[in-house]
Amino acid sequence: MYVQLNLIGYLGHDPDLAYLENGTPVAHYSVGIQRRSGKGQRTMWVQVSSFGRRAEADHQHLRRGDLIYLEGRPSFDPESGGPRLWRSNSGQLGSHFEVIADRVVFLSKPAARPASPAHVEALVIVVAADQWRPAPLF
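Residue numbering for the sequence shown follows this note's numbering, beginning at 5 and increasing consecutively.
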């Protein structure tokens with residue numbers, strides 16, 4: 005089975021760049037995806053990792069607030085098989101989704117950034133056994 009995620013959203017922070025033991029660059033950043041529903045506007049945060057030349061380009065060109073289109077694959081928690089689970093300092097259980105970026109398209113330039121993020125919905129396509137269907141985010 006093959007799963008590909010296609011997301012459009014705004015960067016929550018500048019990408020952090022680190023290097024693996026073998027010297028491979030890896031960038032980490034978050035993308036906020038806003039969606040309107042009957043309960044008002046909601047934002048889902050997705051943690052993103054990119055590797056190699058993709059990581060270096062993301063670190064060099066992406067900045068907080070940039071609008072991007074992202075293609076990637078989900079990274080599942082090895083224990084739960086779902087979103088990554090974590091516990092806050094106060095003991096509250098939390099989770100977040102992680103995506104390994106395969107392709108990133110810069111949709112905004114610094115001068116074109118809106119003062120406040122506009123409504124952007126994400127398109128998630130699940131591909132399995134030569135069939136596809138849109139999948140809801142929430």
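Beta carbons: idealized from backbone N, C-alpha and C, even for Gly.
If you're wondering where the values come from, they're calculated on a predicted model, not measured in any experiment.
| Check | Outcome |
| --- | --- |
| Beta-carbon contacts of histidine 65 that lie in its chain and below 7 Å, excluding the five residues immediately before and after | Phe110 |
| Cα-Cα separation, phenylalanine 80 to proline 87 | 6 Å |
| Contact the segment 19-26 vs the segment 39-49: 3+ CB pairs below 8 Å | no |
| Assigned secondary structure, arginine 163 (DSSP; H/G/I helix, E/B strand, else coil) | With the chain covering only 5 through 142, there is no way to say anything about residue 163. |
| Proximity below 9 Å, CB of glutamine 8 to CB of glycine 95 | no |
| C-beta atoms of leucine 15 and valine 30 nearer than 9 Å | no |
| Sub-9 Å separation of valine 103 and proline 82 beta-carbons | no |
| Closest Cα partner of glutamate 60 within the set Tyr6, Asn10, Arg107 and Ser112 | Arg107 |
| Bridge-paired residues (DSSP) for aspartate 62 | Per DSSP, none; premise fails for aspartate 62. |
| Distance between beta carbons of glutamine 51 and phenylalanine 101, contact taken as under 8 Å | 7 Å |
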